[in-house]
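Trainee: Quick one: the structure is below, questions incoming.
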Amino acid sequence: MTRYVMVADLRRCVGCQTCTAACRDANATPPGVQWRRVLDMEVGTYPDVQRTFVPVGCMHCADPPCMDVCPSTATRKRDDGIVTIDYDLCIGCAYCAVACPYQARYKVDLVRYAYGDDPMEPEEKRHDPSRVGVSTKCNFCVDKIDDGIAKGLTPGVDPDATPACVNSCIANALHFGDIEDPDSNVSRLLDDNQSFRMHEELGTKPGFYYLWDET
Amino acid sequence: MIAIAPRQQINWDWRAAGNFVFGGTGTGLVAMIASAVLFGASYPSDAILVGLGFVGAGLFLVLLEIGRPWRFMNVFRHPHTSWMSREAIAAVLFFGTGGIAWLLALEPMIIAAAIFGLIFLLCQAKMLQASKGIPTWREGAIVPLIAATGLVEGAGLLVLLSIVLTGSVQYWLANTLLDLLVLRTIVVLFYAWRLRGPRSPLVVKPGLRRAVWMAAGLGGIVPVLLLLAPPELQQASLLPIAAGIALGTGWGLKYTIVCRLGAMQGFAIKHTPARGGAAPGTSSKPGWSGWL
Numbered sequence: 001m002t003r004y005v006m007v008a009d010l011r012r013c014v015g016c017q018t019c020t021a022a023c024r025d026a027n028a029t030p031p032g033v034q035w036r037r038v039l040d041m042e043v044g045t046y047p048d049v050q051r052t053f054v055p056v057g058c059m060h061c062a063d064p065p066c067m068d069v070c071p072s073t074a075t076r077k078r079d080d081g082i083v084t085i086d087y088d089l090c091i092g093c094a095y096c097a098v099a100c101p102y103q104a105r106y107k108v109d110l111v112r113y114a115y116g117d118d119p120m121e122p123e124e125k126r127h128d129p130s131r132v133g134v135s136t137k138c139n140f141c142v143d144k145i146d147d148g149i150a151k152g153l154t155p156g157v158d159p160d161a162t163p164a165c166v167n168s169c170i171a172n173a174l175h176f177g178d179i180e181d182p183d184s185n186v187s188r189l190l191d192d193n194q195s196f197r198m199h200e201e202l203g204t205k206p207g208f209y210y211l212w213d214e215t
Numbered sequence: 216m217i218a219i220a221p222r223q224q225i226n227w228d229w230r231a232a233g234n235f236v237f238g239g240t241g242t243g244l245v246a247m248i249a250s251a252v253l254f255g256a257s258y259p260s261d262a263i264l265v266g267l268g269f270v271g272a273g274l275f276l277v278l279l280e281i282g283r284p285w286r287f288m289n290v291f292r293h294p295h296t297s298w299m300s301r302e303a304i305a306a307v308l309f310f311g312t313g314g315i316a317w318l319l320a321l322e323p324m325i326i327a328a329a330i331f332g333l334i335f336l337l338c339q340a341k342m343l344q345a346s347k348g349i350p351t352w353r354e355g356a357i358v359p360l361i362a363a364t365g366l367v368e369g370a371g372l373l374v375l376l377s378i379v380l381t382g383s384v385q386y387w388l389a390n391t392l393l394d395l396l397v398l399r400t401i402v403v404l405f406y407a408w409r410l411r412g413p414r415s416p417l418v419v420k421p422g423l424r425r426a427v428w429m430a431a432g433l434g435g436i437v438p439v440l441l442l443l444a445p446p447e448l449q450q451a452s453l454l455p456i457a458a459g460i461a462l463g464t465g466w467g468l469k470y471t472i473v474c475r476l477g478a479m480q481g482f483a484i485k486h487t488p489a490r491g492g493a494a495p496g497t498s499s500k501p502g503w504s505g506w507l
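For the record, the sequence lines run as chains A and B.
Going by our numbering, the first sequence opens with residue 1, and the numbers climb by one from there.
Going by our numbering, the second sequence opens with residue 216, and the numbers climb by one from there.
Here's what the structure looks like:
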């Protein structure tokens, strides 16, 4: 069995937002929609203050509350753990958005462009009307993964089968792979380091791990 | 700059709140009419239509909210786990039985409509509880809160309709309203107690306090005092005032819960990373009451 997860090494992330830009470029998300974001968290009080950059987005939970609440079955979880949305089924009720504890879902009711009412040429070319009025979110660049696997590539190892945010990371902080494979890059990273997942107490079993120290 | 601390959700606005407001009132009203049938008491028969109208108005507001209203039939596709699908199915059964009850004046159908209405009301409450991203909604006490609020509104509205349509209010109904008000007050206080301290984000605390004053103070104690006044005063003026306050504060409470207390979970980390030669730091949960 395969389960794709993402691993973010908090020691390495410098908060450059290249992953955010790469995601927006790869997925043509409209203004205000960021499937991959990097939080800038300031922890502590002067003089003992630390700054931590935390990549967030859809956590592709093993027990996704968004899927349970979805009345249309538009949100589904694949056998490989990737949570997807069928834009042709979604009714845009946004129930999934209030069920997600990670603020990962967006619903855009009005078409907007980066500079006013008129789209730039790339915006016009890549505009997808099926995404208007429905929930959208990170899908781990699922089309790229499927295409890569069909070509015999390994997600998380071969860039052509790996999410855009991971490929673009300048600090090698983001990693992607199959957690069920003990020899995968993510399994080795999780073995060699201490990690946590966000809001684990809510029982969603997120597929996004944060490394914070060596074991 | 991305907000890290919990902030009010913007996906469900007054239109979604309207579904909870009108849905609770309509189903509560039909439940009260069914109680009259069971007690052998008289009731204004057109009140059933009013109840159906309220629920219909709430669902119409939802249609205005969703992004793809022409796909509304897809709402029925996932009753296995989705309380929204279950709510939709309960609504169909409620309208079917309620419509027949009104058209043919069949009392068994009123009972059936009330049962489906109560299921609809339960579905609404469970819908909020299943919203894991909203700490004040996922709290289990939201279920009795939404149920009790709907029943109070139904009783309050039946009092007002009885006065308008028949000119009087029966003793059992005034008594039921009194009992339900006491129950709602207790449930509101319990809900607020469950969200005390670190159990809810800091941003909702002021709104939560106002909601308690509105629902338990103005909406609980005031109408209860009015209903405990001498009966001759009640029929004349105090009873409709009490019913109006019960109704209005219930609506206000539900609007507040959806549109003011719907702060999202926010973000948190359990450890800050070990960087360079520095040791890892403590956890952080901005916008809550401090550290994890």
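Ideal Cβ positions, reconstructed from N, Cα and C, are used throughout, including at glycine.
Using a Cβ-Cβ cut-off of 8 Å, state whether LYS107(A) counts as contacting chain B.
Mentor: Judged by the 8 Å Cβ criterion, LYS107(A) is in contact with chain B.
Trainee: Residue ranges of each alpha helix (DSSP H) run of no fewer than 4 residues wholly in the stretch 282 to 354 of chain B, ordered along the chain?
Mentor: With a minimum length of 4 residues, the continuous alpha helix (DSSP H) runs that stay inside the stretch 282 to 354 of chain B are 298 to 319, 322 to 344, 350 to 353.
Trainee: Hey, does ARG424(B) have any beta-carbon neighbour from chain A nearer than 8 Å?
Mentor: No, ARG424(B) does not count as interfacial toward chain A.
Trainee: Relative to the C-alpha of VAL265(B), which residue among ASP228(B), ALA232(B), MET479(B), TRP317(B) is closest?
Mentor: Of the candidates ASP228(B), ALA232(B), MET479(B), TRP317(B), the one whose C-alpha sits nearest the C-alpha of VAL265(B) is TRP317(B).
Trainee: Helix, strand or coil, according to DSSP, for PRO55(A) in the structure here?
Mentor: Looking at PRO55(A) - three-state DSSP - the assignment turns out to be strand.
Trainee: So GLY156(A) and SER195(A) are in contact, right, with Cβ under 8 Å, and what is the actual spacing, rounded?
Mentor: About 16 Å separates the two Cβ atoms, so there is no contact after all.
Trainee: Per DSSP, which residues does ARG76(A) bridge with? Please list them.
Mentor: For ARG76(A), which the question treats as bridged, DSSP gives the partners THR84(A).
Trainee: Scan the stretch 240 to 286 of chain B and note each continuous alpha helix (DSSP H) run of 4 residues or more that stays entirely inside, going in chain order.
Mentor: Counting only runs of 4 or more, we get 262 to 280.
Trainee: Which residues in chain A have a C-beta closer than 9 Å to the C-beta of VAL290(B)? List them in chain order.
Mentor: The contacting residues are PRO71, SER72, ILE91, CYS93.
Trainee: Inspect the beta-carbon positions of LEU174(A) and MET6(A) and report whether they are closer than 8 Å.
Mentor: It is a contact, given that the beta carbons lie within the stated cut-off.
Trainee: So THR52(A) and THR487(B) are supposed to be a Cβ contact under 8 Å. How far apart are they, rounded?
Mentor: Correct: roughly 5 Å between the Cβ atoms.
Trainee: Applying a beta-carbon distance threshold of less than 7 Å, which residues of chain A neighbour TRP227(B)?
Mentor: Going along chain A in sequence order, the residues near TRP227(B) (Cβ under 7 Å) are ALA94, VAL98.
Trainee: On a Cα-Cα basis, can you pick out the residue from GLY255(B), GLY241(B), LEU253(B), ALA363(B) that is closest to ALA306(B)?
Mentor: If we check each option's Cα against that of ALA306(B), GLY241(B) comes out closest.
Trainee: Determine the extent of the alpha helix (DSSP H) in which TYR95(A) is found, giving its start and end residues.
Mentor: Its alpha helix (DSSP H) spans residues 95 to 99.
Trainee: Exposed or buried, which one is ILE436(B) when buried takes at least 16 other CB atoms within 10 Å?
Mentor: Answer is exposed; the Cβ neighbour count stays below 16.
Trainee: For THR296(B), which residues in chain A fall below 7 Å Cβ to Cβ?
Mentor: Within chain A, the residues near THR296(B) are ASP68.
Trainee: Do you know offhand how far VAL108(A)'s Cα is from CYS16(A)'s?
Mentor: Distance between the alpha carbons of VAL108(A) and CYS16(A): 26 Å.
Trainee: If we call anything under 8 Å between Cβ atoms a contact, is ARG112(A) one with PRO30(A)?
Mentor: Yes. Within cutoff.
Trainee: Determine, using beta carbons only, whether ASP128(A) comes closer than 8 Å to chain B.
Mentor: Not one chain B Cβ lies under 8 Å of ASP128(A).
Trainee: Would you kindly work out how many angstroms separate the C-alpha atoms of LEU336(B) and LEU211(A), rounded to a whole number?
Mentor: Spanning the two alpha carbons is a distance of roughly 44 Å.
Trainee: Give a yes or no on whether the minimum CB-CB distance between ARG411(B) and chain A is below 8 Å.
Mentor: Not one chain A Cβ lies under 8 Å of ARG411(B).
Trainee: So, helix, strand or coil for PHE482(B), using DSSP?
Mentor: DSSP places PHE482(B) in coil when its eight states are reduced to three.
Trainee: Where THR136(A) and PRO359(B) are concerned, what is the direct C-alpha to C-alpha distance, given to the nearest angstrom?
Mentor: Their Cα atoms are separated by approximately 33 Å.
Trainee: Just the C-alpha distance for GLU322(B) and ARG414(B), rounded to the nearest angstrom, thanks.
Mentor: For GLU322(B) and ARG414(B), the distance between alpha carbons rounds to 45 Å.
Trainee: Might you give, ordered along the chain, the residues of its own chain that have their beta carbon closer than 6 Å to the beta carbon of PHE237(B), omitting 5 neighbours on each side?
Mentor: PHE269, ALA272, GLY273.
Trainee: Verify whether the separation of the beta carbon atoms of LEU442(B) and LEU393(B) is less than 8 Å.
Mentor: Cβ atoms of LEU442(B) and LEU393(B): closer than 8 Å.
Trainee: Among ASP228(B), ARG425(B), GLY502(B), which one has its Cα closest to the Cα of ALA97(A)?
Mentor: Minimum Cα distance to ALA97(A) is reached at ASP228(B).
Trainee: For the stretch 454 to 486 of chain B, enumerate the residues whose C-beta is nearer than 9 Å to any C-beta of chain A, in chain order.
Mentor: Cβ contacts with chain A come from GLY477, MET479, GLN480, GLY481, PHE482, ALA483, ILE484, LYS485, HIS486.
Trainee: Tell me whether PRO129(A) is buried or exposed, calling it buried when 16 or more other Cβ atoms sit within 10 Å of its Cβ.
Mentor: Exposed: under 16 other Cβ atoms inside 10 Å.
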